[in-house]
Every structure is written in structure tokens, then in C-alpha cells.
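Numbering (the working numbering), first residue to last: 63 to 659.
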């Protein structure tokens, strides 16, 4: 009995805290049948963490709710409304707003009143077209605000950089329920741009290089898109922390420069915040099929004062180790073109062959989107190759490179929607202990389809095909043949394990390749964690055309931990066929950064 009394004593004390945990509406909305409008009014009125403590407080909340409701109703085109406030009966009073809407106001005649001199006739017409409000449509305040912003935007886009607008004059006629706004706009003078000025005189980048990137000539009419394009070109180099390009204020002029206008040229101000001169990067990867991979890079930025990057790289890996240097020069011959010069010493120890040598290369890439490009280039490789059939040979390989990439995905490192297409064509000439000329070509298509609006469920697919035309085996050196199996190929199988083998299970490689992958990706809401189910398949043939008589497949599961830029990937894959390698493992593990494709 004592326990029951104590419990009854505690319950009333706990009740107010529970009520405080459930906010209630500041006032009830009555008289509105339209559900959408009623919900908008309730959101505008808001909620209170605690119920009203008296009838006086409930009436005050109702009056506050009336003010909020009137603002919303006017913004939605209701001007002939009536509102009265009240409170509910009982021990816990709550405010009430009763609304009688009346007819909705519609747009009547719309006009622009030009302050001072109007712009040219074509711009006047463009400004009226930008209003984009149909006479007779519901007179929403938001439409008026947006129309005014569009007028100013179209004026600035057509060269009137200093265009501005004051508050519009709005006349509401209650007799015919119409609203007639008049926009008060000052176009000001047509602006002609001049050269570049720099806010930081100690910047490392050569001003002459930046001036060549400007997509206008002094004296041309100002266009915001041209200013934005210069900013984009500078940011695209990757050597700046931030870039700001803006038209100088009208007080900053460049007198004495002849232009086809009586006005002075307006300079453009460039503000560059350059990143640190050097960067040191480490990366690492691991898989049970390909072993470990440690990579260190030292980068010098703006070494030659033209937004260039000089990178020294050293990689120690189970299969592919190398050391080299690369120089990247953006906007080399024209904006959007990047020249890369590289030299590497390398040593590759793969199941099918061992190769050691040096390579020098040069290529020119033209980008037409951030991750879409066309590349042309050439490379020369001098190496020693040891494989099962030819033994030890010394060769010189000359390659011409043509590549094309089109990226319509939403994220290059973690795509959830869209598609990608990549194609490579490489004419190759082998000289030395072996001589052969052939054409190596590859095509890869990937696609990403979200299954829900939040794009938490995504189906991803990949198809990769390749063929070597004009080559033979063993004429085509083993490092240039196609192999499959391992991370980035068909998971679940050892590196180069798919395809024909010699009697001792050494991979031969092939003249054609087909790979495909299908993944179901799941991101767990706002959590950084995700999961993947996948199916991989692949085939390598000694013929130029693909041969599907022996296709190796695998299934697996993966986990993802999403960082700000890309996910950390961990995959566990199981082969479904027995490959030629008698030492095949029952599963393979892969750890890396970024999605598998």
C-alpha cells in the first residue's frame, strides 16, 4: 500500500514534464478547407514548447497567430480575408484564428518604370519577357519578388552590370480583386570590360598566364558568364585554395583606353588564394589476390608560375613498383587543354610475366566537362620481359594513344545516378627481340540507377570489352595482352587467373576481353555506412573476337564507409567456377578507396 501511494504521488509531478516534451500549436486554424493552405498557415503560426498557462496568454498567442496568418495570406494572394481570434474553453485554453478567405487576388497589368535612362530596345523587351507572370494568375508576393530578381539578372547578363531595383509599387484593387505591380528599375550605363588587376601583388602565378585565360578582349560588353568562366578556368588548375573574379566597382576605371563607347573601361579584379607550395600524399591498398600497395607522392605547385604541378612518385607494391616524375601544365595551348610529360622506372612481377624498364610519355588532354575529355599522346618504353613462352627478351614499345571519356554521372568517386563511357585506342609498334604491329582497343560503359528518391538504393552496372587487332600470341608481349581476375576486374579470382593457362597454370593472356559487373548498393540514410551485393563475370580468349564458351563468375558482399570525398571500400568475393589455377582460394578480400566502378 505504501508503494501505491508513493507511485500516485509521483505521477502528477511527472505529467508537466511529459507535456513539455510534446509541443502544441500556438493557435488552431479554423475556416480553411484547403488542406495545403491550412498546413502552410499552421507552419507559419508555429508551435510552443509549453501550453498556455492562462486565458490571457492564450489570447495573446491568438493575436500573434493572426499577424503570422495575415502575412502568409497576403503572400499567397488573399487580400479580401477576414480574421477573428478566440480561445477554446476548459482548463487548458488554446488560441483560435477563424479565417474567412474571400476571393483570391489575381495579377492585372504589369509594368516597368525605368529610373533615369532606359536600356536599349532589345534589352527592354528582354526585361519584360523575364517578368514571366501571366495576367489573371494568382497574385502571390513571391512571384513579384522573383520577377524583380529576374529583371535585374537579365539586365546584368546583357551588360548593364550596375542595374538595380527598388521596392515595386503594388496597387491592389479590391473592387475587381486585381494586383498591378510596377517595378522600379535603374539600368544604369552599359559596361565595357578592360584588363585584369590583381589584389595580391605577391602571388606566385605569372599575370601574363592568367591574362591569356580571360575569355574577352578589352572593350567588349560585360557578360557575367565570361567572368564566371575565368574563375572556373583558374579553379580547374587545382593549385588554388580559392579564386574570386569580379568586376571592379564603378569608381575603378581605366582612362585613356580607346573603346567604342564614351564610357571608361571597367577592370576585372582577380583574387587568388594559392595553396601551399608543396604537398605530401600517402595511399595504401590491399587485396588477397594482388597483395599490398604503398604509394607516396610529393607535389610542387606553381613551380614554373603557370598553375602547373610537378609530382614525384614512388610506389612499392607486390605486383607493380615504380618511381617517376610527372609535369602537368593546364591550359597549355588553349583553355581547357592540359599537357602531361612523364617519365618512370618500373618493375612488374605478375603471375604471367615479369617486366622491368623505363617509359617516357607525353599527352594532351582537352576537357569539355570536369571529368569528360579527349586525349591524344604517345609513349616509348624500353624494357626487359620474361614470360613462359618467349623467355627473356628486350623490346622497345612505341605507342600512340587516343582516349575519350564522357561522364554524365553525379559524382566521379561515388556515383548514384547517370552513366559513363570510356574508349581507348592504342596503335602499338614492337621492336627488338620481337617485332609486331597491332591495334589495341578497349571500351567501358557504366550506369547507375537509383531505386528511391533519396538515392539510398542504387543499381550499378559495368561492361568492359577489349580486342587486339593484328596481333598474335606470342607476338604480342605478355604485358600488352588482356588478363582478367582481381580487384577492378572480376573479384573472387586471383590476379590474372581468368583465361587460358599453360600446363603449369601460368596465365597466357588473350587477344580479347569481356568483363561485366552488377552491384546493388545501399547507403544507410545519413549514416556514413553502406553495403553492396555484387556479381562479376569475365572471359579472356586467345582470339580477336570474344569467346563466351568459358565465362568465370563470382558473387560477393561489400561494406562502405563514406568520407566527404569518397567511400572506403571493403569487398569479400567468392568464385563460382574453378579456374585453371589449382591453388585458387575459396574467397578474396579487397580494401581500397572509391567505389569499384
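Glycine residues also receive a C-beta, built at the ideal position from the N, C-alpha and C atoms.
All values reported here derive from a predicted model rather than from experimental measurement.
Take the Cβ of residue i as the centre, count every other Cβ of all protein chains shown within 10 Å, and call the residue buried at 16 or more, exposed below.
| i | result |
| --- | --- |
| residue 175 | exposed |
| residue 564 | exposed |
| residue 629 | buried |
| residue 111 | exposed |
| residue 581 | buried |
| residue 596 | buried |
| residue 457 | buried |
| residue 614 | buried |
| residue 184 | exposed |
| residue 178 | exposed |
| residue 305 | buried |
| residue 658 | buried |
| residue 152 | exposed |
| residue 352 | buried |
Residue j and residue i - do their beta-carbons sit closer together than 8 Å?
| i | j | result |
| --- | --- | --- |
| residue 390 | residue 421 | no |
| residue 531 | residue 546 | no |
| residue 218 | residue 329 | no |
| residue 448 | residue 415 | yes |
| residue 520 | residue 511 | yes |
| residue 445 | residue 418 | yes |
| residue 647 | residue 503 | no |
| residue 372 | residue 256 | no |
| residue 94 | residue 124 | no |
| residue 656 | residue 634 | no |
I need the DSSP call for residue i, collapsed to helix, strand or coil.
| i | result |
| --- | --- |
| residue 120 | helix |
| residue 216 | helix |
| residue 570 | coil |
| residue 344 | strand |
| residue 115 | coil |
| residue 409 | strand |
| residue 640 | coil |
| residue 243 | strand |
| residue 310 | coil |
| residue 130 | helix |
| residue 110 | strand |
| residue 172 | coil |
| residue 271 | helix |
| residue 625 | coil |
| residue 248 | strand |
| residue 230 | strand |
| residue 136 | helix |
| residue 512 | strand |
| residue 518 | coil |
| residue 399 | strand |
| residue 203 | helix |
| residue 142 | coil |
| residue 355 | strand |
I'd like the span of the alpha helix (DSSP H) that includes residue i, first residue to last.
| i | result |
| --- | --- |
| residue 98 | 97-107 |
| residue 184 | 183-193 |
| residue 286 | 286-297 |
In terms of residues, what are the limits of the beta strand (DSSP E) holding residue i?
| i | result |
| --- | --- |
| residue 466 | 453-469 |
| residue 377 | 371-379 |
| residue 367 | Residue 367 -> no beta strand (DSSP E), and no H or E assigned at all. |
| residue 279 | Unbroken run through residue 279: none, as it is neither H nor E. |
| residue 594 | 591-603 |
Spell out whether any CB of chain C is found under 8 Å from the CB atom of residue i.
| i | result |
| --- | --- |
| residue 495 | The structure shown has no chain C; it contains just one protein chain. |
Would you say the beta carbon of residue i comes nearer than 7 Å to a heavy atom of the ligand MN?
| i | result |
| --- | --- |
| residue 208 | Among the components of this structure there are no ligands whatsoever, and the ligand MN is therefore not found. |
### Query
Are the stretch 572-580 and the stretch 591-604 touching, with three or more C-beta to C-beta distances below 8 Å?
In this structure the stretch 572-580 touches the stretch 591-604; the number of beta carbon pairs closer than 8 Å is three or more.
### Query
Are three or more beta carbon pairs between the stretch 462-471 and the stretch 420-439 nearer than 8 Å?
Output reads yes: the stretch 420-439 touches the stretch 462-471.
### Task
Would you check if there are 3 or more beta carbon pairs closer than 8 Å linking the stretch 255-270 to the stretch 192-201?
Three or more Cβ pairs closer than 8 Å define a contact, and the stretch 255-270 falls short of that threshold against the stretch 192-201.
### Query
Per the contact definition of three or more C-beta pairs closer than 8 Å, is the stretch 199-207 in contact with the stretch 268-284?
Touching, no.
### Task
Would you check if there are 3 or more beta carbon pairs closer than 8 Å linking the stretch 340-352 to the stretch 242-253?
Contact fails: fewer than three Cβ-Cβ distances are below 8 Å.
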